[in-house]
């Protein structure tokens, strides 16, 4: 178990800069999720932490040790790959024990460790099979077994669940969470799935274009996104962005969007400097409620999508489409005019020029 | 719709069988004729009216071949040369092919094309300079020298073919092995090469067959029976002043026997290897 | 890449044995960023040692007077003399034309037959495996055996092919296939194609396994017929593999005189004279190594041009 | 590029690029001197003949170990060229007379004049035997045995038709035409238009009156005579139809099997094929032998000698012992018994087994009037690569005798230029 600090790590391939000065601190036993769309550099960063690729600058420190010049095999880390990367020529037992074999752990000790890991993951009955004879979920478990048997300082997960079907994915997600709780080893976990990020991470780093957009606990990321990219990337359905001008009307601040006016009482942000300027309001779909409130929006019903527990209603307000998540019983008709109340305390305001949160 | 599909499938299947059977007959027919010829006495071969089946079945051609041509020595020489060729290709070619498959480095594409271009210079004129090189290395008239000469045109083939098989093995496996405690070279030998072993076998068989059958270099770079290979020995029987059709046929049959046995042994692995590799460019 | 590890930065060895243990050192070496070059070194050295000198020597010869049976003027630099002679040499032009015919027809037949066989085998019919082995067998025969075997079967007196053709009424009397300029080249091409089509079968079979079945399903739904599927899916997907096979075979056909040396020696009346044979004769029966060198250089350049143009036109390098 | 490209600089270049260690593959034993002997014997009878000579030699000279190495005849020149250029020469090489000038020019042969002059058996050999291995007064080899050109004819058919073996070209052509019967698939003459057939074309040209190499040493051909000769020779097929249509591709095997299977009534070859013919047809009953018929101008029958030559200065004394040994009557007769090749030694050729056998009479006669092949550097290449294709082009109707004659004459000019 160890802390991880990444200090000013850069990476470029020729003229292309894929990572620009990354700084991350992860506490001992923490669970860091690197989240971002494909091509954001998250997998490259993971490879640099693993030592599979050299960085172009900066330091990677695991525990007290600067590992810049330490080979992957000597970093005492374990990694689970998207494709599982099980050695197809070896049975499961040897796959799991391979890391110990390489470290010349005596056979008896190794077998015991493999057995423990297999029990933990409930794959004892698979130990003598070859990877080709396993299902996707079983392979996933073997891959994790291979990682935990080593008792490393740090686990690295590279999109480990993305090859599984939806049901298994949920199951394994829970499994990973349970493992982390039980083992307490620090984890760096790469994914493009925001639900995995939110459910698993103690710390989430949202990345884009080789830059960390925001690094914080999941709750903060969700509620106070640092910029419009983070705001839009997290949450499903995605956050609504309503552009308009901030005005002061009486004691309250209102957002004017064409004809529509949205009162913003209880705003946490200090917006004094932005009065009279255009801003973008980020409104999560679940902050809408049917009926009246302090701040309301009225529009025409454009689309109605029942999902079972919820009903997604897409409203057209002054030409802009907003998604509202309403209860399953709220089923307006197409073309109806509808007025919805907004939990204005949950609204985030962004500067339209920089995209940053005000 | 379903019926027409089945119908057209049946037609295609019948067509396929027809094509395959015709080709198989065409391929194997001459060999069968050679086999028949090898059991004939000379009077049944050189005759005005064709004799299809031997009137007198004889093994004389094989016996004469054995006694006259020094077949055992020649075959052992061929085996040694072929083994050495495959060994050299295996050692130098496998790692080169691995490098081409695994790393993206400056000069990779030109270097790969360079490996191909060396095959293009006509063998006819390479022989004398090669002769000089071999002599200066003390390798002239040795099986090793011949194997090294074969390497000059078989190694590029080996590298290009094998690269396809390496490409088919996921790169993550090496990453996993390196994190598990292997060095790069350890990952290569413990993980990647075992995975590509079918392809390796297939490629080796190609190279082995080419080395086994080669004639021109073998003729020019060996002079004594100490290193002369079987195809040269076989061609020697086609002397200018004799009519050894029966012996020639027997020699042909004997010369392909090891190849067919080898092929039969590795056929499954080889087909599996070739199909698994799916030779990506 | 500026931070690749140098040997100096290696962790200190744990014991004296570790310091000199070659396996450990090799392992450490494999973690440096020069590793791929080290992997390429043995083969590159070998190829350079074996091929570079002969090739340079060949190029040099082509600008040199080198007639072994006229030692007097040998060794003199003669510039482009041999190339100029070539321009005016009718046998060169004839050989060039024959080479074009020989290569083109051989390649086309080998490719088409090889493709058809591979497609048929790819249907995985019962018994296909045995048929596959039978079909591949010709490729494993040495040229020496294949050439002499066909020489026997095509013989104008004791050849079984003639007998069969006469018996089934296709021929009136035994034909001397290699004595008639109209059939000599065609027959030689037939033997060559027979010998080498399995090369294409083998490689195309491998390539076919790599084409996702979904593509054909989609084409079925779109209503594409068998030939449209071949043209629109199979051939484009096999582009790279076909390119490799064609280039390798063309090199073999242009450079190796083996089979023609056994079957026709260029006859009758030069109707099967090809460049490789001409170079061989110039070198080893006329002993004019300078001219043979120039012919070899021309063959080499033609092959390079062919490979370059083929790769360009087939766009394989765009994958 | 000013490097001199002779043999030595080639070696130096090679040696410069790589550490030189010029070792012969075969090292001498402690007591014995080891030499290797390159020859082109292939058939069983030839191999047996060589073995007989080797056995006798081993008994007589236990101090010399001879390693024979057989080289395929078609590739012989390529191999010896590579060996000479590469500096890895055999000690003794069997050199047929047509190859002498080329090998001499490339520096493959050692001067043996003094050794021959001092040889006690020199007197057994007619001076003529050395003519085609001697240049500018220096001799480079000793004849081992002789290829004597002659013909085979179907005695039974000739008798049936009331014909005698031909002695002139006219008789020869008449017989060929008369014995041709297309309905029986029978042809008068098995013309060798394929590999190896070139020498007979040269013979016919000379027999019509245009020697390739004149007595004063000049080389050249008379075009009119060449045209006439080609017209006559190829005319046997294209006009007289007395030759199988396969002629243009008929090499040794085809010509012999044509005669053996009763397709042809006459063929030309040399004494070396006698055993092959006799194994299928009854000597003196079904077939007979005849000396090469006389042409309009002269009678041309070749005596080609297989010479044994020293080709390496190392162990030359041991090599000389081996070469001399072929002149011993015991060895020559042992070789003759196995192969049918005529001895080169006049003494050995008087042997009763030759003189007393009527089938060998034609050969014995030819030894008297036969002449060696024209020999000059490039002769073999010219015959093979120019004369033969030219003949083939007439045979297949792609050229007239005039055009072919032009090719032959131009090719000759280029070969000696």
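Protein chains in written order, with the working numbering: chain A, 18 to 375; chain B, 326 to 606; chain C, 743 to 1061; chain D, 315 to 731. C-beta atoms are modelled at their ideal positions from N, C-alpha and C, and glycine is treated no differently.
Contact between the segment 157 to 175 of chain A and the segment 108 to 128 of chain A (3+ Cβ pairs under 8 Å): yes
Measure the alpha-carbon distance for residue 630 of chain D versus residue 405 of chain D and round it to whole angstroms. 7 Å
Consult DSSP for residue 511 of chain D and reduce its assignment to one of helix, strand or coil. coil
Across the segment 817 to 834 of chain C and the segment 801 to 809 of chain C, are there enough close Cβ pairs to call them in contact, namely three or more that are closer than 8 Å? yes
If you draw a straight line from the alpha carbon of residue 22 of chain A to that of residue 92 of chain A, how long is it in whole angstroms? 14 Å
Segments assigned alpha helix (DSSP H), at least 4 residues, entirely inside the segment 906 to 964 of chain C: If we require 4 residues or more, the alpha helix (DSSP H) runs fully inside the segment 906 to 964 of chain C come out as 923 to 951 and 955 to 963.
Does the beta-carbon of residue 555 of chain B have 16 or more other beta-carbons within 10 angstroms, so that it is buried, or is it exposed? buried
Would you call the segment 530 to 546 of chain B and the segment 128 to 143 of chain A in contact, with 3 or more CB pairs under 8 Å? no
Quick one: any contact between the segment 489 to 509 of chain D and the segment 574 to 581 of chain D, if contact means 3 or more CB pairs under 8 Å? yes
Rounded to whole angstroms, what's the CA-CA distance from residue 78 of chain A to residue 420 of chain B? Just pull it up for me. Rounded to whole angstroms, residue 78 of chain A to residue 420 of chain B spans 34 Å at the Cα level.
Near residue 748 of chain C, which residues of its chain fall below 6 Å by C-beta distance, leaving aside the five closest residues on each side in sequence? At residue 748 of chain C the pLDDT is 36, less than 50, meaning the model places this residue with poor confidence and gives no usable figure here.
Is the Cβ of residue 49 of chain A closer than 9 Å to any Cβ of chain B? Judged by the 9 Å Cβ criterion, residue 49 of chain A is not in contact with chain B.
Under 9 Å, do residue 884 of chain C and residue 396 of chain B count as touching if we go by C-beta distance? Contact: no.
Residue 143 of chain A, enclosing beta strand (DSSP E) - first and last residue: Secondary structure note for residue 143 of chain A: it is in no beta strand (DSSP E), with a DSSP letter that is neither H nor E.
Residue 635 of chain D and residue 375 of chain D look like a contact to me (Cβ under 8 Å); what is the Cβ gap, rounded to whole Å? 6 Å
Ignore the nearest five residues each way along the sequence and tell me which others in residue 926 of chain C's own chain have a CB closer than 8 Å to its CB. 919, 920, 1006, 1009, 1010, 1013 and 1014.
Can you give me the C-alpha to C-alpha distance between residue 775 of chain C and residue 834 of chain C, rounded to a whole angstrom? 51 Å
Rounded to whole angstroms, how far is the Cβ of residue 561 of chain D from the Cβ of residue 709 of chain D, which I believe are closer than 8 Å? 6 Å
DSSP has residue 453 of chain D in a bridge; who is on the other side? D:448
Quick check on residue 305 of chain A: does DSSP put it in helix, strand or coil? strand
Quick one: which chain B residues come within Cβ less than 7 Å of residue 116 of chain A? 505 and 506
With a threshold of 9 Å between beta carbons, is residue 206 of chain A in contact with chain B? Any Cβ of chain B closer than 9 Å to the Cβ of residue 206 of chain A would place that residue at the interface, and such an atom is absent.
Rounded C-alpha distance that separates residue 335 of chain D from residue 456 of chain B: Confidence is the limiting factor: at residue 335 of chain D the pLDDT is only 33, short of 50, which leaves the residue's position unreliable, though a coordinate-based value still follows. Cα to Cα, the separation comes out at about 13 Å.
Can you list, in chain order, the residues of the segment 499 to 529 of chain B whose Cβ is nearer than 7 Å to any Cβ on chain A? 500, 501, 503, 504, 505, 506, 507, 508, 516, 519 and 520
Simplified DSSP state of residue 463 of chain D, which is helix, strand or coil: Three-state result, residue 463 of chain D: strand.
Using beta carbons (cut-off 9 Å, strictly below), is residue 716 of chain D in contact with chain C? no
Near residue 218 of chain A, which residues of its chain fall below 6 Å by C-beta distance, leaving aside the five closest residues on each side in sequence? Non-local C-beta neighbours of residue 218 of chain A in its own chain, meaning closer than 6 Å and more than five positions away in sequence, comprise 48, 50 and 235, ordered along the chain.
First and last residue of the uninterrupted beta strand (DSSP E) at residue 790 of chain C: Taken as a continuous stretch (DSSP letters only), residue 790 of chain C belongs to no beta strand (DSSP E), as it is neither H nor E.
How would you call residue 640 of chain D, buried or exposed, if buried means at least 16 neighbouring beta carbons within 10 angstroms? buried
Could you give the residue range of the alpha helix (DSSP H) that holds residue 679 of chain D? 675 to 683
Residue 891 of chain C, enclosing alpha helix (DSSP H) - first and last residue: 885 to 895
I need the boundaries of the beta strand (DSSP E) containing residue 374 of chain A, first residue and last residue. Run containing residue 374 of chain A: none; DSSP gives neither H nor E here.
Keeping to the same chain, check which residues put their C-beta closer than 6 Å to that of residue 688 of chain D; ignore five residues upstream and five downstream. 526 and 527
Supposed contact pair residue 777 of chain C and residue 771 of chain C - C-beta distance, whole angstroms, cut 8 Å: 7 Å
Could you list which residues in chain C have their beta carbon closer than 8 Å to that of residue 585 of chain B, in chain order? 879 and 882
Residue 176 of chain A, DSSP secondary structure in three states: Note: residue 176 of chain A maps to coil in three-state DSSP.
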